[in-house]
Amino acid sequence: MLNAWRRVAMRGIGDPVRGTDGWAFLRGLAAGASAVTAPSTHFAARLEQHDVFPRVDVIWNGIDDDLRDEILAAAPAERTPGRPRFVWLGRMSPEKRLLPFLEAFVASGVDADLEVIGGGAQRAAAEKIVAGHAGVHFAGRLTYPQTLARIAAADALVQTSIGFETQGMTPFEAATLGTPSVICDPDIAAELGGGSGRFRMPAPTRRAASSRVSGSLRSRRHCSAPHPTSPSRLRPLRLLRCRRRSDSRRAPPR
Numbered sequence: 008m009l010n011a012w013r014r015v016a017m018r019g020i021g022d023p024v025r026g027t028d029g030w031a032f033l034r035g036l037a038a039g040a041s042a043v044t045a046p047s048t049h050f051a052a053r054l055e056q057h058d059v060f061p062r063v064d065v066i067w068n069g070i071d072d073d074l075r076d077e078i079l080a081a082a083p084a085e086r087t088p089g090r091p092r093f094v095w096l097g098r099m100s101p102e103k104r105l106l107p108f109l110e111a112f113v114a115s116g117v118d119a120d121l122e123v124i125g126g127g128a129q130r131a132a133a134e135k136i137v138a139g140h141a142g143v144h145f146a147g148r149l150t151y152p153q154t155l156a157r158i159a160a161a162d163a164l165v166q167t168s169i170g171f172e173t174q175g176m177t178p179f180e181a182a183t184l185g186t187p188s189v190i191c192d193p194d195i196a197a198e199l200g201g202g203s204g205r206f207r208m209p210a211p212t213r214r215a216a217s218s219r220v221s222g223s224l225r226s227r228r229h230c231s232a233p234h235p236t237s238p239s240r241l242r243p244l245r246l247l248r249c250r251r252r253s254d255s256r257r258a259p260p261r
């Protein structure tokens, strides 16, 4: 539908764009551009693979440095005693894979607390899955500073979508706060680098999925947390992480 709309709206303007899928629509948007950016290396590669633009520059979305400093300054110097604390953050919809994660979390019997932040159409189903499980708390929608404070206080962030995110912002925010992540998507894990655990779902059976979740969450104690005061690799507002154009580079011919 978007491609049809574009063909009508742009009739007689520019060259026709081949294809009818979502990548074709993006090719149309990029057709008149001198440069195209993406918020991650893996999504930039997909844009190039689908001929959206010959060479896509990567600029991470970032966290506000002043707000980050405020959150860290307000955090206690020592970890508050208690069971391991994990936080899941996002929209409660199928592509975020909250429900299979909660099923595996409950079935694993892992001795940990989990806070779920956000809202969406699957909240009722999510609450039903963990009904009677004292270790899971639904915080609802929070402000951005409140959310960052919860991430900073957690032992690890859990990020469960696979193949959906253009960047996968929450693990980057967690890393800038010194909190490691358990990541399902290998592209996001590779983008972030060290200091994160990974598990893959779906598994062949619920028992196997539970085992993977339990093992990954327990392995948090062996992860090396990103250091929030380390050089600016994970402070993206101060970072322009691109494949730099050479002086001779030109926009593609039209």
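If you read the sequence shown in the working numbering, its first letter stands for residue 8, the second for the next number, and so on.
From the three backbone atoms N, C-alpha and C, an ideal C-beta is built for every residue, glycine too.
This structure is a prediction, so every number in the text was calculated from the model and none was measured.
The three-state reading of DSSP puts residue 195 in helix, counting H, G and I together.
The region 173 to 181 makes no contact with the region 107 to 124, as fewer than three CB pairs between them are under 8 Å.
If you compare the alpha carbons of 90, 96 and 133 with that of residue 119, the shortest gap goes to 90. Between residue 96 and residue 177, the CB-CB gap stays under 8 Å. With a cutoff of 8 Å on beta-carbon distance, residue 129 and residue 168 are scored as not near each other.
Between residue 44 and residue 59, the C-beta spacing is not below 8 Å.
For residue 198 against residue 49, the beta-carbon gap comes to about 6 Å, under 8 Å, which counts as contact.
Judged by beta-carbon spacing, residue 68 lies beyond the 8 Å limit of residue 83, meaning their Cβ atoms are not closer than that value. Your pair residue 165 and residue 189 checks out as a contact, with CB atoms roughly 5 Å apart and the cut at 8 Å. Under the three-state reduction of DSSP output, residue 104 falls in the coil class, being neither helix nor strand. Looking at the DSSP output, residue 144 sits in a beta bridge with 122.
Bridge pairing for residue 67: absent [DSSP]. Residue 161 sits away from residue 117, with the two beta carbons spaced by 8 Å or more.
Inside the region 25 to 99, DSSP marks whole beta strand (DSSP E) runs of 3 or more residues at positions 92 to 96, from first to last along the chain. Following the DSSP letters along the chain, one finds residue 179 inside the alpha helix (DSSP H) bounded by residues 176 to 183.
Collapsing the DSSP output to three states places residue 129 in coil. By the neighbour-count criterion, in which a residue is buried when 16 or more other Cβ atoms sit within 10 angstroms of its Cβ, residue 138 is exposed. Secondary structure at residue 149: coil, using DSSP grouped into helix, strand and coil. Taking the Cβ atoms as the reference, residue 163 lies roughly 6 Å from residue 186, within the contact range of under 8 Å.
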